[in-house]
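With the first letter of the sequence shown counted as 1, position 41 gets the number 41 in my numbering; the numbers rise by one all the way through.
Positions of the beta carbon are idealized from the N, C-alpha and C atoms, including for glycine.
Everything numeric in this text was worked out from a predicted model, so none of it was measured.
Input: a single structure, listed below in structure tokens.
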Amino acid sequence: MANRIVQTKAKLLKNIEVANNYYKILVSCPQVAKAAEPGQFVNIKVSEGLQPLLRRPLGIHGVRGQTIEILYESVGKGTELLSKRRPGEYLDVVGPLGNGFGLSLTTRQLWPILVAGGMGVAPLTFLAEKLREIRNPKSEIRILIGAKTKSQILCVEEFRKLGCEVKIATDDGSKGYKGKVTDLLKNLFFPAAGDRRPATIYACGPRLMLKEISRLSLQYKIAAQISLEEHMACGIGACLGCAVNTKDGYKRVCKEGPVFEAKEIIW
Ligand code: FES
């Protein structure tokens, strides 16, 4: 996949709290916006000072003209600092990084089933937009969103506006199906052998969810692309801190990933 990586000072246009502790930033970043593909991420220096030293890798949530959108949760020092940055300030951004979702001509023909766990929705909105662009406007795109509880279910309206059919699962049953999103996937889309349309699963979320999706995809012989979340230090392929074991040896999530074919990964 072609990757034109740039380091740039990007003007922060908005930084809004969209739900409790979840924020969306819009940054003017023309070169990144032009080159970005769904599933890729940017590395952002969250403060102007030296601390924290490491950049934060954040998935690209959407592209609007020359602007990129990032959805993130304020969960640690870095993202908390980012949540305090104000419109008009400049952020040091490197991107777009990594390999995103593969949308080959063959893949495009298949029925897309998107599966998100928690913050895994962040890159899948961008993917849904792209799929909408390249597929017939009336074609079905389904998204299953899972989280611990209702307040952590994000982006439902964004997906609906894109004409996606949205299904929800919460661990505590406060919204939608009570249980894991992978159980919902199994119940809804793998009801009986011989009664399945050719599909591709695109998933992003916690490791255990992705592991189960890989298992299901092998069991039901359905292609699946999964976006792995790993702790990243350099984010540019230099430190090997994000390596995962695959059938072809170790690969770096930040460089060869974050999106892999599910069948490649050795769990
Ligand atoms: Fe350094 Fe991936 S984070 S190689």
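task: Apply the 10 Å Cβ neighbour rule to THR200 and answer buried if 16 or more other Cβ atoms are within range, or exposed otherwise.
output: So THR200 counts as buried.
Close Cβ partners of GLN152 (< 7 angstroms) along its chain, the five nearest in sequence each way excluded: GLY118.
- prompt: Thinking just about the alpha-carbon of each residue, which of LYS255, TRP111, MET209 is nearest to the one in LEU97?
  reply: Ranking the options by Cα distance to LEU97, first place goes to LYS255.
- request: Please work out which residues of its chain come closer than 6 angstroms, Cβ to Cβ, to CYS242, disregarding the five sequence neighbours upstream and downstream, and give them in chain order.
  value: Apart from sequence neighbours up to five positions away, the residues of its chain that approach CYS242 with a beta-carbon distance below 6 angstroms are GLU230, MET232, ARG252, VAL253, CYS254, ordered along the chain.
- prompt: Can you tell me whether TYR250 is buried or exposed, with buried defined as 16 or more other CB within 10 angstroms of its CB?
  reply: Around the CB of TYR250, fewer than 16 other CB atoms lie within 10 Å, so the residue is classed as exposed.
- request: Under the assumption that ILE143 contacts LEU124 (Cβ atoms under 8 angstroms), give the Cβ distance between them as a whole number of angstroms.
  value: 7 angstroms between Cβ atoms; contact.
task: Would you grab the beta carbon distance between ILE265 and SER214 for me? Rounded to a whole angstrom, and I think it's under 8 angstroms.
output: So it is a contact: roughly 6 angstroms between Cβ atoms.
message: Restricting to Cα atoms, I'd like to know which of TYR72, ASN136, LEU218 is closest to LEU26.
response: The shortest C-alpha to C-alpha distance from LEU26 to any of TYR72, ASN136, LEU218 is the one to TYR72.
task: Check whether the Cβ of LYS45 sits closer than 7 angstroms to any heavy atom of the ligand FES, and report yes or no.
output: No, Cβ of LYS45 sits at least 7 angstroms from all heavy atoms of the ligand FES.
- prompt: Roughly how many angstroms separate the alpha carbons of MET1 and ASN99, rounded to a whole number?
  reply: With a pLDDT of 46 at MET1, under the threshold of 50, the predicted position of this residue should be treated as unreliable, though the coordinate-derived value follows. Each residue's alpha carbon lies about 7 angstroms from the other.
- prompt: If we ignore side chains and look at the alpha-carbon of each, how far apart do PRO30 and GLY65 end up?
  reply: Taking the straight line from one Cα to the other gives about 8 angstroms.
message: Assuming contact is defined by CB atoms lying nearer than 8 angstroms, are THR182 and LEU127 in contact in what I supplied?
response: For the 8 angstroms CB-CB criterion, THR182 and LEU127 do not form a contact.
- prompt: Hey, how far is the Cα of ASN136 from the Cα of VAL166?
  reply: Those two C-alpha atoms are separated by around 18 angstroms.
query: Given a threshold of 16 other Cβ atoms within 10 Å of its Cβ, counted over all protein chains shown, does LYS150 qualify as buried or as exposed?
result: Exposed is the call here.
task: Please find out if some non-hydrogen atom of the ligand FES comes closer than 7 angstroms to the beta-carbon of VAL42.
output: False, no ligand heavy atom lies under 7 angstroms from that Cβ.
Bounding residues of the beta strand (DSSP E) (the contiguous stretch that carries PHE41): Its beta strand (DSSP E) spans residues 41–45.
field: Endpoints, the alpha helix (DSSP H) within which ASP171 is located
entry: Element bounds for ASP171: n/a, residue is neither H nor E.
message: Just to confirm, is the Cβ distance from ALA116 to GLY173 under 8 angstroms?
response: Contact: no.
task: Mind reading off the beta-carbon distance from ALA35 to ARG4? Whole number of angstroms is fine, and I expect it under 8 angstroms.
output: A Cβ-Cβ separation of about 4 angstroms places ALA35 in contact with ARG4 under the 8 angstroms criterion.
query: Helix, strand or coil: how does DSSP classify GLU157 here?
result: In the three-state reduction of the DSSP assignment, GLU157 falls in the helix class, which pools H, G and I.
task: Assign VAL269 to buried or exposed, taking buried as 16 or more other Cβ atoms, counted over all protein chains shown, within 10 Å of its Cβ.
output: Residue 269 falls outside the range modelled here, since the chain spans only 1 to 267, and no answer is possible.
field: Backbone CA spacing between THR67 and ALA10 [nearest angstrom]
entry: The alpha-carbon atoms of THR67 and ALA10 are separated by roughly 9 angstroms.
- prompt: Going by DSSP, which residues form a beta bridge with GLY95?
  reply: The beta-bridge partner set that DSSP reports for GLY95 consists of VAL6.
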